[in-house]
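Engineer:
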Ligand code: PLP
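This is how it looks when you write it as structure tokens:
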């Protein structure tokens with residue numbers, strides 16, 4: 037969202053106009069921003085055969101999936117339902133990676149049936165895969181490298197206590213099963229967590245995978261997951277993509293040399309591609325003074341954006357109706373759900389009046405997709421701004 041001619045705009049369309057046209061609460065996404073992020077990621081790995089697989093759990097809106105596809109981004113799914121959405125958006129089964137955790141084997145069989153690549157994340161399922169398909173179906177193995185990193189304990193996925201992946205200390209068991217059934221392992225995968233700002237954490241996890249990769253002479257793919265940090269607040273440290281690109285590329289090219297053939301490097305970003313492209317527009321229903329604070333009660337809540345409550349996430353809030361206010365106020369912005377659903381506490385915002393439209397920024401990832409019908413309320417509509425049109 038940009039400030040232009042004293043208005044908040046997306047691709048030159050005033051955000052307030054979008055709110056008036058479609059009503060609130062409303063999710064709005066900027067296609068240009070998504071394309072910019074795709075190019076930024078590709079630009080960090082110029083020497084590498086890179087594939088981006090959008091972790092669509094972050095945002096499964098069908099127009100977003102089509103936009104990803106048009107821009108050469110493939111897709112990572114975690115459920116049969118996401119797989120169906122990917123196919124519905126026009127992806128070939130072979131462009132889809134299925135990275136489930138602890139699912140029943142029939143979900144894996146269904147994904148194999150449409151030609152998807154499977155990331156196997158436990159020894160039992162690896163053995164079942166071998167028994168069922170032998171070496172006939174290529175697959176990948178999700179490794180837990182035992183690296184703790186991420187913005188919050190709830191979004192770390194590769195530390196010793198995490199349920200995800202096969203612990204790297206079980207490498208011998210993996211190799212025994214793979215050899216016993218002649219399983220065609222074409223890739224190794226790991227995903228460390230979300231909101232990782234230090235390039236070093238990615239490199240440490242990658243090193244574990246690069247080392248194990250040497251046990252698979254025919255390996256074709258290294259998938260290093262997602263987790264790149266974006267800025268939620270001014271001054272937030274983010275993943276330095278050029279630095280990460282340079283560090284990982286060097287180690288990756290060394291691995292290719294050791295294995296004697298070119299490898300593909302895959303990433304599965306969610307947040308990095310769509311977080312900054314999205315905002316949630318809400319309207320102030322009440323401005324409620326109390327002795328110690330003033331509450332702004334909006335027509336939304338944790339049913340639409342759960343991240344502040346679930347992860348203590350910060351979402352910057354701007355008063356779209358009052359961009360040039362002479363006065364600001366300090367508010368607690370709260371939802372209308374029968375829970376303590378506080379979007380922001382003691383937040384300075386341009387003076388808010390009843391009926392004003394507020395924008396919660398950086399809401400593109402894990403916003404709509406984590407929304408619910410709690411309190412039997414509807415979900416917001418979603419609007420994509422594409423080629424200058426909402
Ligand atoms: N890949 C896997 C396996 C994940 O579990 C996730 C997130 O949970 C992602 C990728 C995307 O993470 P992020 O949105 O932080 O990039």
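Numbering (this note's numbering), first residue to last: 37 to 426. Note that CB positions come from ideal geometry on N, CA and C, so glycine has one too. Just so it is clear, the structure is predicted and the values come from calculations on it, not from any experiment.
1. Look at the alpha carbon of residue 74 and the alpha carbon of residue 154, and state the distance between them as a whole number of angstroms.
2. Using only the heavy atoms of the ligand PLP, determine whether one of them is closer than 7 angstroms to the beta carbon of residue 400.
3. For the beta strand (DSSP E) containing residue 17, name the first residue and the last one.
4. With a threshold of 16 other CB atoms inside 10 Å of the CB of residue 135, please say whether the residue is buried or exposed.
5. Looking only at its chain, what residues have a beta carbon closer than 6 angstroms to the beta carbon of residue 352, apart from the 5 residues adjacent to it on each side?
6. How about residue 405: is its Cβ closer than 7 angstroms to a heavy atom in the ligand PLP?
7. Check each candidate in 271, 187, 241 and name the one with the smallest Cα separation from residue 280.
8. Using alpha carbons as the reference points, say which of 256, 340, 269, 341 lies closest to residue 301.
9. Rounded to whole angstroms, what is the Cα-Cα separation between residue 197 and residue 203?
10. Across the stretch 313-323 and the stretch 146-153, are there enough close Cβ pairs to call them in contact, namely three or more that are closer than 8 angstroms?
11. Roughly how far, in whole angstroms, is the beta-carbon of residue 194 from the beta-carbon of residue 187, given that I think they are within contact range, below 8 angstroms?
12. How is residue 225 classed by DSSP in three states: helix, strand or coil?
13. Expressed to the nearest angstrom, what Euclidean distance is found between the alpha-carbon atoms of residue 325 and residue 357?
14. Less than 7 angstroms between C-beta atoms, sequence neighbours within five positions excluded: which residues of the same chain meet that for residue 371?
15. Could you check the C-alpha separation between residue 61 and residue 345 for me, to the nearest Å?
16. If you drop the 5 nearest sequence neighbours on each side, which residues of the same chain put their C-beta closer than 6 angstroms to that of residue 169?
17. Heavy atom of the ligand PLP less than 7 angstroms from the Cβ of residue 96, yes or no?
18. Drop a sphere of 10 angstroms on the beta-carbon of residue 225, count the other beta-carbons inside from all chains shown, and report buried for 16 or more, exposed for fewer.
19. Secondary structure at residue 281, three-state DSSP: helix, strand or coil?
20. Measure the C-alpha to C-alpha separation of residue 392 and residue 320 and round it to an integer number of angstroms.
21. Got a sec, what are the start and stop residues for the beta strand (DSSP E) residue 345 sits in?
22. Going by CA-CA distance only, name the one from 66, 395, 343 that's closest to residue 421.
23. Return the first residue and the last residue of the beta strand (DSSP E) that residue 255 is part of.
24. What would DSSP say about residue 133, mapped onto helix, strand or coil?
Structural biologist: In short, the structure shows the following:
1. 24 angstroms
2. no
3. In the structure displayed, the chain extends from 37 to 426; residue 17 sits before or after that span and is not available.
4. buried
5. 397
6. no
7. 241
8. 256
9. 10 angstroms
10. no
11. Residue 194 to residue 187, Cβ: 14 angstroms. No contact.
12. strand
13. 20 angstroms
14. 334, 336, 337, 338, 377, 379
15. 18 angstroms
16. none
17. no
18. buried
19. helix
20. 5 angstroms
21. Note, residue 345: premise wrong, no beta strand (DSSP E); alpha helix (DSSP H) at 343-347.
22. 66
23. Residue 255 -> no beta strand (DSSP E), and no H or E assigned at all.
24. strand
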